[in-house]
Every structure is written in C-alpha cells, then in structure tokens.
Amino acid sequence: MAKEVVSQRGIAIRTACAVFSISESCYRYESKQNAENEEIANWLIRLTDNHRNWGFGLCYLYLRNVKNFGWNHKRVYRIYRELELNLRLFNVIDDFNREALGIEVDFSLPSERVIRAFTSMEPTPQGLPFSAE
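Just so you know, the sequence shown maps onto residues 2 to 134 in this note's numbering.
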C-alpha cells in the first residue's frame, strides 16, 4: 500500500513508511528468487512431462545428483506442490462408447478409494466394466 501511495499521490517514501509503520528497507525490498523459482518450475515441468511416473523424490534427486543444482528440497517441494504436478487421476472409460463412467482426482488414490469408486458407479446399458487396466 505504501508503494501505491508514493506512486499515486507523490508522497515522500519516508512519510509513507511512517504512516504505514514499516521500515524503509522493507519498502525497498525486492525478492531475488523469482527468476530462480521459475527455473525450478521449468525443470520440474520438463521432468514430469518426459518421465510421467516420476514423483517429487525422483525429480529432486535427478536435479541434485545429475544436474548438480544445490536447491533446498523444501523449496523444490513447495514449487512442486504449487504446480500441482502430483495429482493422481483414476478414469474409468467405456471403450465401446468412449464415455467416462467415473473420474477420481486426488493427491493419493489408495486401493480402497479405487474399489469405492468402482462400487459407486451407476451401471450403463452395457453394464459395468469387468476389469481395470
């Protein structure tokens, strides 16, 4: 808000900082990690596109051990979660009609959840699927 007041009203920076009770160093602070965060995000997207069965652990180990990046695992994981790369999808599709009978989306899909999805599906005129692939 202090930056808006300074730019729109022409008030001195010192006055605006005093009014909003912030230090001038806080007013002038600019994050230097945005470019590096974008680089991490680009690497993660590239890795998950090329290796669809890789989760966070394999992506992080690849970046650290093969590409020799010294990024903190908590930082990489935060960006990984922001990108929502670890969503799991469970689709039940009728091959004959190309109709989606059920879709489950979550960060984790244990076997009980898959069984519950199968049992809660409404039967179609052709019946329910016999097996999941």
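Ideal Cβ positions, reconstructed from N, Cα and C, are used throughout, including at glycine. This structure is a prediction, so every number in the text was calculated from the model and none was measured.
Excluding five sequence positions before and after methionine 2, the CB atoms of its chain that fall closer than 7 Å to its own CB belong to Phe21, given in chain order.
Looking from the CA of leucine 88, the closest CA among Leu59, Tyr63 and Asn54 belongs to Asn54. For the stretch 69-104, the full-length beta strand (DSSP E) segments reaching 3 residues or more read 89-95 along the chain.
When Cβ pairs closer than 8 Å are counted between the two stretches, the stretch 69-81 is seen to touch the stretch 36-49, the count reaching three or more. Aspartate 107 is bridged by DSSP to Arg89.
Counting other Cβ atoms within 10 Å of its Cβ, tyrosine 61 reaches 16 or more and is therefore classed as buried. In the three-state reduction of the DSSP assignment, serine 121 falls in the coil class.
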